[in-house]
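Visitor: Below is the structure I would like to discuss, written out as structure tokens.
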Amino acid sequence: MSHSITIRCDICGATCTSDATDTVSAARAAMVPLSWARSLRDGQVIDVCSACRVREKGPGTPDREAGCSCEGGELFDVLGHDRFGHRLANTLLRAGVDSVERLSSLSARQLRDLEGIGAASARRALSCLRSEPGG
5 MSHSITIRCD ICGATCTSDA TDTVSAARAA MVPLSWARSL RDGQVIDVCS ACRVREKGPG
65 TPDREAGCSC EGGELFDVLG HDRFGHRLAN TLLRAGVDSV ERLSSLSARQ LRDLEGIGAA
125 SARRALSCLR SEPGG
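The opening residue of the sequence shown carries number 5 in my numbering; numbering runs sequentially from there.
This is the structure we're talking about:
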């Protein structure tokens, strides 16, 4: 029996659907690489999509996970200070993409052609670029 679980952002109403999980907690865990999170707002735990997480950050304050000790840099700051963002930034750096300007010049297809970059990574990179001021 196949089914899907859809989680809705409690701020903007965006949805994320997981077909590969059979519990809500597993679906939420699958959304972490897409920068979805659980957040506390007005005493309630809510689901927050990646776009709303970026909008709610203060200007100039990178969205760092607890315990993140990286030095940062523009790719890390744009792609996020979570496990997926760090892995993506490091993979891009190894592939010679060492700036946001260079990343912006690549299409989704060109990103997927880089070693270690799949469809989810390309989506994350392009989504993060669109979330950047002026992006």
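Even glycine gets a Cβ: it sits at the ideal position worked out from N, Cα and C.
Below 8 Å CB to CB, which residues in the same chain sit around V49 once its five sequence neighbours on both sides are set aside?
Guide: R42, S43.
Visitor: How long is the line joining the alpha carbons of F88 and H7, rounded to whole angstroms?
Guide: For F88 and H7, the distance between alpha carbons rounds to 26 Å.
Visitor: By a C-beta neighbour count over all protein chains shown, 10 Å radius and 16 as the cutoff for buried, is V28 buried or exposed?
Guide: Counting Cβ neighbours within 10 Å, V28 comes out exposed, since fewer than 16 surround it.
Visitor: Would you identify the three-state DSSP class for A31, choosing helix, strand or coil?
Guide: Of the three classes helix, strand and coil, the one that applies to A31 here is helix, per DSSP.
Visitor: Measure the CB-CB distance between L83 and C132 and report whether it falls below 8 Å.
Guide: Result yes, Cβ atoms of L83 and C132 sit closer than 8 Å.
Visitor: Do you know how far the Cα of A31 is from the Cα of L130?
Guide: Looking at the two C-alpha atoms, the distance is approximately 22 Å.
Visitor: Among S109, A33, D51, which residue has its Cα nearest to the Cα of T19?
Guide: Closest option to T19, Cα to Cα, is D51.
Visitor: Taking DSSP as the reference, what is the three-state secondary structure of A1?
Guide: Because the chain in this structure spans residues 5 to 139, residue 1 falls outside the shown range and cannot be described.
Visitor: Which value, in whole angstroms, describes the spacing of the CA atoms of H85 and A93?
Guide: Cα-Cα distance, rounded: 10 Å.
Visitor: Just to confirm the assignment, what range does the alpha helix (DSSP H) spanning A41 have?
Guide: That residue, A41, is in no alpha helix (DSSP H); its beta strand (DSSP E) goes 41 to 45.
Visitor: With distances taken Cα to Cα, identify the nearest neighbour of S135 among S54, W40, D26, L38.
Guide: With distances taken between Cα atoms, S135 lies closest to S54.
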